[in-house]
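Heads up, the thing below is written out as structure tokens.
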Amino acid sequence: MSEATSTTAASSAARQSSVFKLTFRLPIIIWQSLFFIGPLCFMVAMSFFIVRNYRMQEDFVMKNWLKMLGRDYFWDSYVLTWGLAGIGTVVTMLVAFPAAYTLAFKASEAVRRWAIFMLIIPFFTSYLVRIFSWYVILAESGVINAGLSYLGLGPFVMLNTKFGTVVGYMTLTLPLVIILQTFALANIDRSLVEAAFNLGCRPFRTIYRVILPMARTGLIIAAVFCFILSFGDFVSPYYLGGSKPPTLPILIVDTVKSGQQWPRAAVVAVVMMVTLFVVAFAGIMAAYRRRVG
Amino acid sequence: MVAPLVEFRSVVKRFDDFVAVERVNFTIEAGEFVAIMGPSGCGKTTTLRMLAGLEAPSEGEVLMEGRVMNDVPAHERDTPLVWQSLALFPFLNARENVEFGLQMRGVAAAERRRRALEWLDRMEIAEFAERDIASLSGGQKQRVALARSLVIEPRILLLDEPLSALDANLVIRMQSVLTKLQRELGITFVYVTHSQSEAFAMADRVVIMSRGHIAQIGSPKDIYRAPANRFVAEFVGRNNIITGTVGKATAKTVTIDGSLGSFTVDLGQHEKPRQGDTARFVVAADLAQISTAKPRRGNAIACSLISEEFIGSVVTLFLEAEDGSELKVQLQERELSKMDLKQAATIYLSWAADQAHYIGAD
Ligand SMILES: Nc1ncnc2c1ncn2[C@@H]1O[C@H](COP(=O)(O)OP(=O)(O)O)[C@@H](O)[C@H]1O
Ligand SMILES: [Mg+2]
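Listed in order, the protein sequences are those of chains A and B.
Under my numbering, the residue at position 20 of the first sequence is numbered 71, and the numbers go up by one with no gaps.
Under my numbering, the residue at position 191 of the second sequence is numbered 268, and the numbers go up by one with no gaps.
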């Protein structure tokens, strides 16, 4: 009798706790379906709609896909976006590494804490404002060219170039990448680095013999973030890169502007989403693969 | 006159204001098995790290074969260290871990592989050569760590509490592996431990450290039978330390008066103390005797039995003297069985005059 009561009590407690869990998870489930999965599905559906008289109508046609994927300018733009985001990622990772290395291994705990704080500050101000401030620096009459003219060099054209775009990307990504890399490096067990010294490894060589293999997961995650942010960025290629030739985000805006082609813009957006999914997935797989060689 | 393999000359190591190692002097000869022993935080690891070049002395000099090593970086020294945490590279398998040091020395791939496998075989873990480090047991990891250090054929091997993570029977097993290795290779082992049993079981010489100082250097027997000071006598354990003030003193013996009575002790190498000074002497638990009747001659203390502890055939009796101080006696179980202690109200702890060891005031 008493046993039966206790079982009922236990099962009702279990039911209660699962209701409890669901209550806590419900907001996130609703949020995700409302603002992420919903729009995503709508965007995919929209890529099959048609536009008549500048008005979008529900339909299911392949026309938008065939039109966009059949055009050279789409693929030129795709390759350009890949190239710029790829170069941006490589350069950002390389520039960030010495800084992260210094913060993780050379700086004291207090310095590291302050540095992380300082690296978060850029995110307080609008990205757009930070991009416009580059005009002052990169313009033909800007700070850099003024400096170079003292040395009898220049002026160099930096605005409205691919260089400008990459500088813009880095404005967005560099602080974040330094933070992520610093965490990845700071978690490495010091005694592994010292064990390498102890076995005759020169300090510089420990970077690729011990530090990179140990920090692999964190570094790949940093690179994936960097690529995703750059690939989808509209502001840098538009304002610092001069918008021509267009990257995919610019192509989306152009397509919408020219004749209200929302469905074709959706095609570009879906292609971007798929690309980023693949990159993120491949990155995570590489990051968590068990062994390097 | 050949310079010793290792020499520490008044070495000091400070971390900011904190002095971790304070004016340490000692030498290690080639082929010795030296243990550095002391309680946790006494500076053992710091001493070892200075020898490996992983820490720079704040003052003094570390020499190897007469050469001052202070400015020689760690990667240019042949002083492999077996880490307390083992510090095996998790992204390499067992064989690749062992090859690491050879690779750093530019040994060709085929030769490297051969020598690594040879060492893994010697450590009886050849079958795990291609295994991930994470999949090995504690004892197997230990052997990989040893192979990784020894494959580069060093003249000295540093070990920092290498057995502290293993369970008791494995510790005994690895102790014999280590002693055997050291004999066969004929190289110097410097073994850091807080465990007296490990140090005494393996080392030719023991350096006892206390708060950054060296408390005593000597053979295990010296340290056990002739502790230089109170710290060593207490750290070694199994010692009865009796304190009193100096009464009559001659050049050879001294009378120490305390709450337990008045005892005459040989001075040994010590200088004659002044009358009225504090002085201590030690009676090792296994050299003391007990009886139910008061001995007619010699030093004896009347006690009562508190508890007994059996470890195999050895029994330790814990006794309480009349002034409340605790004393210990160690004897064979079969000796004990001849006595009827339970019935006796008073037990006398006694010792032969030459078996008390004078340690002075500190
Ligand atoms: N890098 C360091 N910075 C500050 N203090 C340290 C450092 N390394 C060791 N110490 C201190 O020095 C003392 C001795 O440490 P250590 O040599 O590791 O002792 P142990 O005898 O336990 O091996 C300890 O009190 C420790 O806190
Ligand atoms: Mg230690």
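From the three backbone atoms N, C-alpha and C, an ideal C-beta is built for every residue, glycine too.
Assigned exposure category for residue i - 16 Cβ within 10 Å defines buried
i: Gly-353(B); result: exposed
i: Lys-257(B); result: exposed
i: Val-343(A); result: Legend: pLDDT at Val-343(A) = 48, less than 50; position of this residue unreliable, value from coordinates given subsequently. Answer is exposed; the Cβ neighbour count stays below 16.
i: Glu-54(A); result: With a pLDDT of only 47 at Glu-54(A), under the threshold of 50, the placement of this residue in the model should not be trusted, and no figure is reported.
i: Arg-126(B); result: buried
i: Asp-284(A); result: buried
i: Thr-216(A); result: buried
i: Asn-376(B); result: buried
i: Arg-260(B); result: exposed
i: Cys-252(A); result: buried
Supposed close pair residue i, residue j - CB separation, criterion 8 Å
i: Pro-226(A); j: Leu-170(A); result: 4 Å
i: Ile-105(B); j: Val-83(B); result: 4 Å
i: Thr-224(A); j: Leu-135(A); result: Thr-224(A) to Leu-135(A), Cβ: 12 Å. No contact.
i: Glu-397(B); j: Ile-378(B); result: Actually they do not touch by this definition, with Cβ atoms about 10 Å apart.
i: Ser-251(B); j: Ala-224(B); result: It should be noted that the sequence gives Met, not Ser, for residue 251(B). The pair is not a contact, with the Cβ atoms about 13 Å apart (cut-off 8 Å).
i: Ala-209(B); j: Thr-122(B); result: The amino acid at residue 209(B) is misidentified as Ala; the sequence shows Asp. Actually they do not touch by this definition, with Cβ atoms about 28 Å apart.
i: Gly-289(B); j: Gly-143(B); result: With 8 Å as the limit, Gly-289(B) and Gly-143(B) do not qualify as a contact, their Cβ atoms being about 26 Å apart.
Where residue i falls: helix, strand or coil (DSSP)
i: Ile-285(B); result: strand
i: Ile-300(B); result: helix
i: Met-113(A); result: coil
i: Arg-340(A); result: coil
i: Leu-124(B); result: In the sequence as presented, Leu is not what sits at residue 124(B); that position holds Thr. Of the three classes helix, strand and coil, the one that applies to Thr-124(B) here is helix, per DSSP.
i: Leu-234(B); result: strand
i: Leu-197(B); result: helix
i: Gln-312(A); result: coil
i: Thr-298(A); result: coil
i: Asp-209(B); result: strand
i: Leu-154(A); result: helix
i: Arg-260(A); result: helix
i: Glu-60(B); result: Coverage of chain B is limited to positions 78 through 439, which leaves residue 60(B) absent and any answer about it impossible.
i: Arg-190(B); result: helix
i: Arg-100(B); result: strand
Distance between residue j and residue i (C-alpha atoms, nearest Å)
i: Asp-478(B); j: Ala-356(B); result: Examination of residue 478(B) is not possible in this model, given that chain B is present from 78 through 439 alone.
i: Thr-332(B); j: Gln-366(B); result: 21 Å
i: Trp-133(A); j: Asp-198(B); result: 51 Å
i: Ala-326(B); j: Phe-308(B); result: 24 Å
i: Gly-137(A); j: Tyr-129(A); result: 12 Å
i: Val-323(B); j: Pro-372(B); result: 24 Å
i: Val-244(A); j: Ile-262(A); result: 7 Å
i: Ser-6(A); j: Ala-320(A); result: One cannot answer for residue 6(A) here, as it falls past the ends of chain A, which runs 52 to 344.
i: Ala-422(B); j: Val-283(B); result: 42 Å
i: Met-52(A); j: Glu-275(B); result: Only weak support is given to the placement of Met-52(A): the predicted model assigns it a pLDDT of 41, under 50, and the value that follows is read from those uncertain coordinates. Each residue's Cα considered, the two are about 60 Å apart.
i: Ile-347(A); j: Phe-148(A); result: The structure shown does not extend to residue 347(A), since chain A is modelled only from 52 to 344, so the question has no answer here.
i: Ala-245(B); j: Phe-177(B); result: 30 Å
i: Ile-291(B); j: Leu-128(B); result: 16 Å
i: Lys-415(B); j: Leu-404(B); result: 21 Å
i: Ala-429(B); j: Asp-363(B); result: 12 Å
i: Ile-182(A); j: Phe-92(B); result: 46 Å
i: Leu-291(A); j: Pro-231(B); result: 59 Å
i: Phe-234(A); j: Arg-163(A); result: 10 Å
Contacts of residue i in chain A (Cβ-Cβ under 8 Å)
i: Arg-182(B); result: Gly-251
i: Gly-178(B); result: Leu-250 and Gly-251
i: Pro-134(B); result: In chain order: nothing, as chain A lies at least about 17 Å away.
i: Ala-193(B); result: Per Cβ cutoff of 8 Å: no residues; Ala-193(B) is ~13 Å from chain A at best.
Under 7 Å by beta carbon: chain B residues contacting residue i
i: Ala-246(A); result: Trp-160 and Ala-164
Chain-ordered chain B contacts of residue i [CB-CB under 9 Å]
i: Met-265(A); result: Phe-166, Pro-167 and Phe-168
i: Val-102(A); result: Within 9 Å Cβ-Cβ: nothing; Val-102(A) doesn't reach chain B, min ~54 Å.
i: Val-146(A); result: By Cβ distance, chain B contributes nothing, its closest Cβ being about 25 Å from Val-146(A), past 9 Å.
7 Å Cβ cut-off: residues of chain A touching residue i
i: Ala-151(B); result: Phe-248 and Asn-249
i: Pro-157(B); result: Asn-249 and Leu-250
Per-residue contacts from residue i into chain B (C-beta, under 8 Å)
i: Val-319(A); result: Those within 8 Å of Val-319(A) in chain B number zero; the least Cβ separation is about 40 Å.
i: Ser-242(A); result: Trp-160, Ser-162 and Ala-164
i: Val-261(A); result: Phe-166
Interface residues of chain A facing residue i [CB-CB closer than 9 Å]
i: Leu-131(B); result: Glu-245, Phe-248 and Asn-249
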